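Peer 1: Take the sequence shown: its letter number 111 is residue 111 in the UniProt record's numbering, and every next letter is one higher.
The beta carbon of each residue, even a glycine, is placed where N, CA and C say it ideally should be.
Treat the numbers as computed from the prediction; the structure is a model and nothing was measured.
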Amino acid sequence: MIRLQYQVELDYEVRTPAGADFIFNVHAAHTEQQTVVEEHLALSQPVIPDVATDPATHTRFMRLHADQGTLHLNYRATVDIAHHRADPGSLHEVPMRCLPLEVLPYVYPSRYCQSDRLLRMALTNFGNLWQGYSRVLAIQHWVQQHVTFASNTTNSNTSAIDTLIERVGVCRDFTHLMIALCRALNIPARIGTGTDYGADPALGPPDFHAYVEVYLGDRWYLFDASGTGVPMGFLRLGTGRDAADVAFATIFGDVVSKAPSIQVRALEGEGLETPHHCADALSTAAASPLQLSGCASFDSKAGGAVAQGPVLKQLPD
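Structure representation (structure tokens):
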């Protein structure tokens, strides 16, 4: 089991008398494999925030209204992660007819992941590979080989297509491109957010981090699209279709912000493991039962998914 201590500090200056509204996604998520042992939230203004959990993704959102002046947020938590581990060779892609219904939204194109524009490229580069964990890993390696990591090279409008053209970006951009390529092959993929545990200090101070989760077998497995961190040390904050769903702060009003201050460290002790790179496939999500209807010929343990043709969309006028 991994035990992490996580802390984030955010500072804002609200510039108008009317104040400003905020939606934060900085709380550690509660999942079947991740437990928040303890947590503490401190706000510099005397406000009572609303906190809610998305039942589908376990993402925790906090909403509050701040008055004019300084808003300082300090959140810290101790989080236990008991990863589900699997042999990568045993993980196969799942035919569309067998996917759980709640997984289907992660096959469609989204704001930053225009998978419908990458169909031919994805089929050309990855269409003939064995349909399972190794194909997803090949997509990850391709992205890492063709995109250079560089801070402050993209902005909130940068999409997977932009990254493919410019060949440079930050973790969010690597993640969007990998997700788009997976979806172009009918492989469900989504974004996860946490912190960049294990990143090279030369890349800068600890920061929020975007990674990929891909649905294989019967659950979501972790992939670090940028390759800058150690996946075993990724605690889960938010989960969504792309970065539009998991911003750590969404601000409504005239506000000046400072860079976040983040700290995360692994605790040592009896029964605790230090995060490290490993050959196992890792998941912090619960298993999702496959759709049984029409899936009698599919065995996720014995064989790969049946090859599927291109997607034909019929759109309303």
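(1) Identify, in the order they occur along the chain, each residue of the same chain with its Cβ nearer than 6 Å to the Cβ of A307, setting aside the five sequence neighbours on each side.
(2) For M232, count neighbouring Cβ atoms within 10 angstroms of its own Cβ and tell me buried if that reaches 16, exposed if not.
(3) Assuming residue 356 and G229 make a contact with CB atoms under 8 Å, what is their CB distance in whole Å?
(4) Where do the N-terminal and C-terminal ends of the beta strand (DSSP E) with Q7 fall, by residue?
(5) Rounded to a whole number of angstroms, what is the C-alpha to C-alpha distance between F61 and A52?
(6) Take A302 and list the residues in its own chain whose beta-carbon comes closer than 7 Å to its own, dropping the five residues that flank it on each side.
(7) Tell me the DSSP bridge mates of D21?
(8) What is the residue span of the beta strand (DSSP E) that I48 lies within?
(9) What's the C-alpha gap between M178 and V168?
(10) I need the straight-line Cα distance from A18 to I161, nearest angstrom please.
(11) Taking just the CA atoms, how far does T163 sit from A122?
(12) With a cut-off of 8 Å, do at least 3 Cβ pairs link the segment 138-153 to the segment 85-99?
(13) Can you grab the Cα-Cα spacing for the pair K258 / D11, in whole Å?
(14) Tell me, which residues are paired with F149 by DSSP?
(15) Using a 10 Å radius around the Cβ and a threshold of 16 neighbouring Cβ atoms, would you call I165 buried or exposed?
(16) In three-state DSSP terms, what is G89?
Peer 2: Reading it off the structure:
(1) Caution is warranted here: a pLDDT of 48 is assigned to A307, below 50, making its placement in the model unreliable, and the coordinate value is therefore given only provisionally. Contacts found: none.
(2) buried
(3) Nothing about residue 356 can be read from this structure; the chain reaches only from 1 to 317.
(4) I2 to V14
(5) 5 Å
(6) Low confidence applies to A302: its pLDDT is 44, below 50, so where it sits in the model is not reliable, and the reading given next is rough at best. Answer for A302: no residue qualifies.
(7) H65 and F252
(8) I48 -> no beta strand (DSSP E), and no H or E assigned at all.
(9) 13 Å
(10) 39 Å
(11) 15 Å
(12) no
(13) 6 Å
(14) G169
(15) exposed
(16) helix
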